[in-house]
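Trainee:
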Amino acid sequence: MDEIDDAILRELQKDGRKSMAELGSMLGIAPSTVFKRIEKLKKAGIIERFTIVINQKCFENTLIVFLNIRVQPEAKSDVEEFMRDIPAVLDLYEVLEPGDFFARVRVQNISELKRDILVPLSSHPGVRDIQTIISVRRIKEQT
Numbered sequence: 001m002d003e004i005d006d007a008i009l010r011e012l013q014k015d016g017r018k019s020m021a022e023l024g025s026m027l028g029i030a031p032s033t034v035f036k037r038i039e040k041l042k043k044a045g046i047i048e049r050f051t052i053v054i055n056q057k058c059f060e061n062t063l064i065v066f067l068n069i070r071v072q073p074e075a076k077s078d079v080e081e082f083m084r085d086i087p088a089v090l091d092l093y094e095v096l097e098p099g100d101f102f103a104r105v106r107v108q109n110i111s112e113l114k115r116d117i118l119v120p121l122s123s124h125p126g127v128r129d130i131q132t133i134i135s136v137r138r139i140k141e142q143t
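77 is the number that full-length UniProt numbering gives to position 77 of the sequence shown; each next residue is one higher, with no gaps.
1) Would the beta-carbon of L41 fall within 8 Å of that of I4?
2) Leaving out five residues on either side along the sequence, give the residues of the same chain with a beta carbon under 6 Å from the beta carbon of V34.
3) Output the boundary residues of the alpha helix (DSSP H) element that contains L92.
4) What separation, rounded to the nearest whole angstrom, lies between the Cα atoms of D78 and V71?
5) According to the Cβ coordinates, are I130 and I86 closer than 8 Å?
6) Runs of 4 residues minimum, wholly inside the segment 15-73: which ones carry the alpha helix (DSSP H) assignment?
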């Protein structure tokens, strides 16, 4: 990776829909060069996918909840698979202390949180503890 690759990544993080021509014009290179570099970044695994960022204001009546989950060491892979299958889980990370997994979930209300997340998760035999943190406001998000 070089400075041009870095610049391409920064611009795509701001707006993933920028055309090759726009990027090339901004960076002073040909659109075909931009295309080749993006393909190279994808093949190298640096760019995993192109996605959208949802305006959270459209979901003001939903809750963003963070879960710190402690599990039995031998149950990590099983709990990971269990969490992957829950549609409300937006992100799941394996972490070091104070837990084993950290998840970000979106639910409509506390009842849905309990019914769809906390009750099934706490019933899982490998789960030792769940700490729940309810977000009151997003201050910054960067893709």
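Glycine is no exception: its CB is placed at the ideal position from the N, C-alpha and C atoms.
Mentor: Reading off the structure:
1) no
2) M20, L23 and G24
3) No alpha helix (DSSP H) holds L92; the beta strand (DSSP E) holding it covers V89 to E94.
4) 10 Å
5) no
6) 20-27 and 31-43
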